[in-house]
Every structure is written in structure tokens, then in C-alpha cells.
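Here is the structure we will look at.
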Amino acid sequence: MTVFTDDHMHRPLFEKPTAELERPNEWSEPLGFMVGGMANHEYQHIGQQYFDAACHLVNCIKNRDVADCDVANPVLYLYRHSIELFLKAILQDAAKTHSLDTLAEEYRAFIREVSGADCPEWIVTRMKELGAVDPKSTAFRYSTNYDTRTKEDQWIDGEFHVDLHHLESVMAALKIALTGTFAMVACGKGTSTK
792 MTVFTDDHMH
802 RPLFEKPTAE
812 LERPNEWSEP
822 LGFMVGGMAN
832 HEYQHIGQQY
842 FDAACHLVNC
852 IKNRDVADCD
862 VANPVLYLYR
872 HSIELFLKAI
882 LQDAAKTHSL
892 DTLAEEYRAF
902 IREVSGADCP
912 EWIVTRMKEL
922 GAVDPKSTAF
932 RYSTNYDTRT
942 KEDQWIDGEF
952 HVDLHHLESV
962 MAALKIALTG
972 TFAMVACGKG
982 TSTK
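For my numbering, add 791 to where a residue sits in the sequence shown, where the first one is 1.
Below you can see the structure in the form of C-alpha cells.
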């Protein structure tokens with residue numbers, strides 16, 4: 792029989808910070824998170840958190856701590872959302888959208904504008920590949936995409952295998968490309984809103 796304590800039932804999850812929560816480093820107790828206020832992060836930092844979380848789950852799979860099929864959607868969502876946030880960190884006036892297709896085209900135009908060169912096609916292709924399966928950032932969360940025409944959730948169209956090692960290396964390459972662009976923006980070669 793499970794016993795629910797008073798803490799389980801009544802203590803708020805989100806509490807005002809107090810001096811007792813201060814700690815000398817991130818590895819010390821009490822373990823927990825700060826949310827809001829000074830803990831608000833910019834897009835590139837949040838994107839890095841999602842990317843790191845995906846990497847940790849991938850390592851758990853590779854270490855056989857968890858079955859790949861048990862965390863497939865979280866891994867894919869974490870990677871996809873990190874890419875979306877990296878793009879939004881780079882782009883000035885990025886569209887308020889979760890569409891990687893739209894953001895990929897904005898990124899392509901941004902690279903052309905700030906460098907005078909074409910964006911490497913593989914970068915746009917990878918973003919659009921993620922966007923084709925998960926166009927509105929719902930497929931990896933719910934296994935469905937909302938069809939605005941029929942006003943119904945639709946299962947992911949088709950069936951696909953994702954090689955874990957390939958996914959990991961492609962996402963690492965894409966992250967390097969995008970964080971390199973962000974570094975260019977931060978050094979004054981472009982502009983960014985976040």
C-alpha cells in the first residue's frame with residue numbers, strides 16, 4: 792500500500808526561494824531548480840539544456856540503463872526542441888512558430904544576408920527532415936499531428952526507424968553548426984533578439 796505523506800499532498804512544487812536553499816555549488820544539497828526571476832534563461836541556454844537532456848538519455852540507452860523504445864519520443868522531442876530554440880536564438884524577429892520548415896527558411900535567408908553565402912544545404916535538409924515528421928512540435932510529444940483541415944489529431948504519417956548512433960552524430964553536427972552561427976551573431980556579425 793502506498794502511503795501519501797502530508798508533503799506529497801500539500802507542499803507546493805513551486806516555492807519561494809529562501810536562504811536555506813542556497814548551496815556552494817550545483818552538486819550540493821538541496822537539489823532542485825530555480826524557475827523564473829534570475830533563473831530565466833535566453834533561448835540558446837534553454838536549447839542547450841534540452842540538447843544536454845537528450846544526450847543524457849542517449850547515454851542511458853547506450854549504457855543499457857533504459858530501453859531505447861522506452862524513451863524514443865522524449866529523445867526525439869528534446870533534440871527537436873533544442874534545434875528550434877537554437878534557431879530562435881539566432882534569428883531576429885523569428886516567426887512565432889514551432890515550424891522547423893519556416894525557421895529553416897528564415898535561417899537560410901539570415902545566412903545569405905549576413906554572410907553573402909549560401910547556407911550549407913545539409914543544415915536546412917536536416918531541420919526540414921525533423922519538421923516533416925513533427926511539423927508543429929506535437930508528434931514527438933503526443934505521437935500525433937493536428938490536422939487543421941479535419942480538426943483532428945492524426946497519427947504520424949508513415950513508419951520510420953531512427954538509428955540512435957546516427958541521430959546522435961547528426962544532432963551533434965547540427966548543434967555545432969547552429970551554435971557557431973550564434974557565436975557569429977554574438978560577435979556582432981549578425982543580430983538576434985534573444
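Each residue gets a CB set at the ideal place from its N, CA and C atoms; glycine is no exception.
Where the alpha helix (DSSP H) containing residue i begins and where it ends
i: E912; result: 912-924
i: T893; result: 891-906
i: Q883; result: Unbroken run through Q883: none, as it is neither H nor E.
i: D843; result: 834-853
i: A930; result: 930-933
Beta-carbon contacts of residue i that lie in its chain and below 8 Å, excluding the five residues immediately before and after
i: D938; result: D944, Q945
i: A968; result: P911, I914
Beta-carbon contacts of residue i that lie in its chain and below 6 Å, excluding the five residues immediately before and after
i: T984; result: Interpretation of T984 is limited by its pLDDT of 44, a score under 50 that renders its predicted location unreliable; no figure is taken from the coordinates.
i: L867; result: F931
i: A844; result: L869
Own chain, CB closer than 7 Å to residue i, minus 5 neighbours either side, in chain order
i: A930; result: V924, N936, I947
Residue from the options whose Cα sits closest to the Cα of residue i
i: I841; options: M962, T972, E813, D954; result: As written in the sequence, residue 841 is Tyr, which differs from the Ile given in the question. Looking at the Cα atoms, M962 is the closest of the given residues.
i: L894; options: V905, L878, I837; result: L878
i: L958; options: H836, A880, D859; result: D859
i: V905; options: K807, E833, V976, S873; result: V976
i: P865; options: R932, F973, G971, R940; result: R932
i: T972; options: G949, F951, Y898, T888; result: Y898
i: H847; options: H952, N831, L869; result: L869
i: D892; options: T916, K853, G907; result: T916
Simplified DSSP assignment, three categories, for residue i
i: D798; result: helix
i: E811; result: helix
i: T984; result: Low confidence applies to T984: its pLDDT is 44, below 50, so where it sits in the model is not reliable, and the reading given next is rough at best. Three-state result, T984: coil.
i: E875; result: helix
Extent of the continuous beta strand (DSSP E) run through residue i
i: E959; result: That residue, E959, is in no beta strand (DSSP E); its alpha helix (DSSP H) goes 955-975.
i: E943; result: 943-946
is_contact[residue i, chain C] using C-beta, thresh 8 Å
i: E896; result: Looking for chain C here will not work: only one protein chain is present.
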